[in-house]
Amino acid sequence: MQETPTSPDAPVADAAADNWVDRYAPPFARPFLRLSRADRPIGTWLLLLPCWWGLALAILYDQSPRWEDLWIFIGCGIGAFLMRGAGCTWNDITDRHIDGQVERTRSRPIPSGQVSVEAAVAWMVIQTLLAAVILLTFNTAAIGLGFLSLLLVTIYPFAKRFTWWPQVFLGLAFNWGALLAWTAHTGVLQPPAILLYAGGIAWTLFYDTIYAHQDTDDDALIGVKSTARLFGDTSPKWLLRFLMLTVGLLGLAVIFSALPNASILAMVIALAGPWAMGWHMTWQLRGLDINNAAKMLQLFRANRDTGIIPLLFFAIALLV
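Numbered according to our numbering, the sequence shown spans residues 361 to 680.
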């Protein structure tokens with residue numbers, strides 16, 4: 361087995377070349393920022409976008425934009441960065457022995473020796489506490505939802521040990537922000553937010569199955585479960601089903617968000633968001649090659665744009 365790097369200047373194998381952490385961060389901070397996946401911002405986007413969906417549809421629902429919504433928008437951005445970092449740190453702590461056996465992950469900070477487990481725990485606590493400071497500026501119902509999400513974050517790293525569907529647990533955790541942001545605006549959790557949450561989970565099943573296809577050989581050797589291993593060569597059929605679920609559930613979320621107070625024009629524009637999102641997911645399916653790890657990573661990263669597409673339509677709908 362090839363020896364893994366231990367220098368603070370050794371990048372993680374699957375990070376983008378010349379990312380900002382490797383180029384600009386001070387050497388002492390690089391291992392901790394890599395532990396938080398700051399060198400791979402796609403995860404922050406995937407955690408953040410459902411938050412912004414929830415906020416936009418909540419405003420569409422009650423037609424009552426407020427200055428406080430600007431802080432919810434910003435706070436979700438900061439909180440997503442911090443909680444994604446804390447969650448990834450927790451994931452690397454629990455998976456440190458598994459990561460050392462997988463080609464793509466053995467260069468991560470803990471298995472490569474760049475960061476000790478004790479230092480990683482301290483870093484996780486710092487990030488979580490900072491995120492809690494942001495959360496405490498929201499209303500009581502949103503605060504309660506925020507603390508409840510910690511259960512999902514705690515469970516997720518263990519899911520691949522006991523179920524073939526760990527992507528469901530990732531979806532439950534990564535899309536929680538749709539519920540939280542909706543509630544931060546309205547003060548109460550309502551059915552459109554739950555439909556939006558379900559649609560986000562279907563989207564996560566789509567993109568994380570693509571992501572998991574990078575590691576199917578290593579995962580099979582060490583006994584790690586995933587939907588990629590479960591579906592195998594039938595993955596394109598399952599991804600098409602997840603695509604349809606995503607578009608259908610997000611479409612229903614839009615309809616039930618718009619019906620009470622929004623105009624027909626606003627509803628039509630907002631509905632174009634899930635429709636356009638579905639076309640972007642279809643484009644990914646056309647380029648799918650489950651035996652090409654580099655292609656799978658490229659398609660996975662493309663899901664930042666997938667999630668931005670409906671947000672743009674939601675934003676336009678709020679202006680009409």
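Quick reminder that beta carbons are idealized off the backbone N, C-alpha and C, glycines included.
Subject >> As assigned by DSSP and simplified to three states, the class of Gln-487 >> reply: Gln-487 falls in the helix class under three-state DSSP.
Subject >> Ranges of the alpha helix (DSSP H) found wholly within the stretch 409–458, counting only runs of at least 4 >> reply: Scanning the stretch 409–458 from its first residue to its last, the whole alpha helix (DSSP H) runs of 4-plus residues come out as 428–454.
Original post:
Is Leu-609 helix, strand or coil when you go by DSSP?
Top reply: If DSSP states are grouped into helix, strand and coil, Leu-609 belongs with the helices.
Subject >> C-alpha distance - Tyr-557 paired with Met-637, whole-angstrom precision >> reply: Taking the CA atoms as reference points, Tyr-557 sits about 16 Å from Met-637.
Original post:
Tell me which same chain residues have a C-beta within less than 6 Å of the C-beta of Asn-621, skipping the five on either side of it?
Top reply: Excluding residues within five positions, the ones whose Cβ falls inside 6 Å are Gln-423.
Subject >> For Ser-396, three-class secondary structure by DSSP >> reply: Coil, per DSSP.
**OP:** Only counting runs of 3 or more residues, tell me where the beta strand (DSSP E) segments fall wholly within the stretch 542–574, in order along the chain.
**Re:** Inside the stretch 542–574, DSSP marks no whole beta strand (DSSP E) run of 3 or more residues.
**OP:** Find the nearest neighbour of Ala-398 within the set Thr-546, Asp-382, Met-641, Ile-615, judged by alpha-carbon distance.
**Re:** Nearest option by C-alpha distance: Asp-382.
Subject >> Classification of Ala-580 by the beta-carbon crowding that lies within 10 angstroms, buried from 16 upward >> reply: Classification for Ala-580: exposed.
Original post:
Are the stretch 664–679 and the stretch 640–652 touching by the rule of at least three beta carbon pairs closer than 8 Å?
Top reply: Taking a cut-off of 8 Å for Cβ pairs, the stretch 664–679 and the stretch 640–652 touch, as three or more such pairs fall below it.
**OP:** Output yes or no for whether 8 Å exceeds the beta carbon distance between Tyr-421 and Thr-546.
**Re:** Judged by their CB atoms, Tyr-421 and Thr-546 are nearer to each other than the 8 Å cut-off.
Subject >> Environment of Ala-618 [buried if 16+ CB atoms lie within 10 Å] >> reply: Flag for Ala-618 reads buried.
Subject >> Contact check, Gly-560 vs Pro-410, beta carbons under 8 Å >> reply: Yes, the Cβ-Cβ distance between Gly-560 and Pro-410 is below 8 Å.
Subject >> Exposure label - Phe-498; buried when at least 16 CB within 10 Å >> reply: Buried.
Original post:
Mind checking whether the beta-carbon of Glu-478 lies closer than 7 Å to any heavy atom of the ligand FMN?
Top reply: The ligand FMN is absent from the structure shown, which contains no ligand whatsoever.
**OP:** Since I believe Leu-530 is in contact with Gly-506 (beta carbons under 8 Å), could you give me their beta-carbon distance rounded to a whole number of angstroms?
**Re:** With a Cβ gap of about 18 Å, Gly-506 and Leu-530 do not count as contacting.
**OP:** Kindly indicate which residue of Ala-533, Asp-459, Pro-387 has the alpha-carbon position closest to the one of Asp-578.
**Re:** Checking every option, the nearest Cα to that of Asp-578 belongs to Asp-459.
Subject >> Sequence-distant residues of its chain with Cβ nearer than 8 Å to Leu-645 (five each side left out) >> reply: Once the five neighbours on either side are set aside, the close Cβ partners of Leu-645 are Pro-596, Leu-599, Leu-600, Leu-603.
Original post:
Leaving out the 5 sequence neighbours to the left and right, which residues in its chain are closer than 6 Å to Ala-519 when beta-carbon positions are compared?
Top reply: Excluding positions up to five away in sequence, the list reads Pro-526, Phe-529.
Original post:
Is the distance from the Cβ of Leu-417 to the Cβ of Trp-542 below 8 Å?
Top reply: Yes; because the gap between Cβ atoms is below 8 Å, this pair is in contact.
Original post:
Taking the Cβ atom as the reference point for each residue, do Ile-453 and Ile-432 lie within a distance shorter than 8 Å?
Top reply: Not a contact, by the Cβ cut-off of 8 Å.
**OP:** Return the chain-ordered list of same chain residues with a C-beta closer than 8 Å to the C-beta of Thr-366, the five sequence neighbours on each side being excluded.
**Re:** Unreliable positioning characterises Thr-366 in this predicted model, as indicated by a pLDDT of 49, which lies under 50. The coordinate reading is nonetheless provided below. Answer for Thr-366: Ser-472, Gly-473, Gln-474, listed in chain order.
Subject >> Extent of the continuous alpha helix (DSSP H) to which Pro-634 belongs >> reply: Looking at the DSSP string, the run of the alpha helix (DSSP H) that includes Pro-634 is 624–646.
Original post:
From which residue to which residue does the alpha helix (DSSP H) around Pro-620 run?
Top reply: Premise fails: Pro-620 is in no alpha helix (DSSP H) and is neither H nor E.
**OP:** Rounded to whole angstroms, what's the CA-CA distance from Glu-363 to Ala-630? Just pull it up for me.
**Re:** Residue confidence for Glu-363 is low, a pLDDT of 38 falling below 50, so the modelled location carries little weight; the figure read from the coordinates is stated next. So the two alpha carbons sit approximately 51 Å from each other.
**OP:** Just tell me which of Gly-583, Ile-494, Pro-401, Leu-408 has its CA closest to the CA of Arg-521.
**Re:** Taking the Cα of Arg-521 as reference, the smallest distance to any Cα among Gly-583, Ile-494, Pro-401, Leu-408 is reached at Gly-583.
Original post:
Going by alpha carbons, who is nearest to Gly-504 out of Ala-492, Thr-514, Ala-653?
Top reply: Measuring C-alpha to C-alpha distances from Gly-504 to each of Ala-492, Thr-514, Ala-653 identifies Ala-492 as the nearest.
Subject >> Other residues of its chain near Gly-439: CB distance less than 7 Å, five sequence neighbours each side excluded >> reply: Taken in chain order, the residues that qualify are Ala-491, Ile-494, Leu-495.
Original post:
Less than 8 Å separating the beta-carbons of Asn-451 and Pro-517?
Top reply: Against a cut-off of 8 Å, the Cβ pair of Pro-517 and Asn-451 comes out as a contact.
**OP:** Apply the 10 Å Cβ neighbour rule to Trp-412 and answer buried if 16 or more other Cβ atoms are within range, or exposed otherwise.
**Re:** By the neighbour-count rule (16 or more Cβ atoms within 10 Å), Trp-412 is buried.
Original post:
For Pro-670, which option in Asp-649, Arg-661, Ala-613, Leu-648 has the closest C-alpha, if you only look at C-alpha atoms?
Top reply: Closest by alpha carbon: Ala-613.
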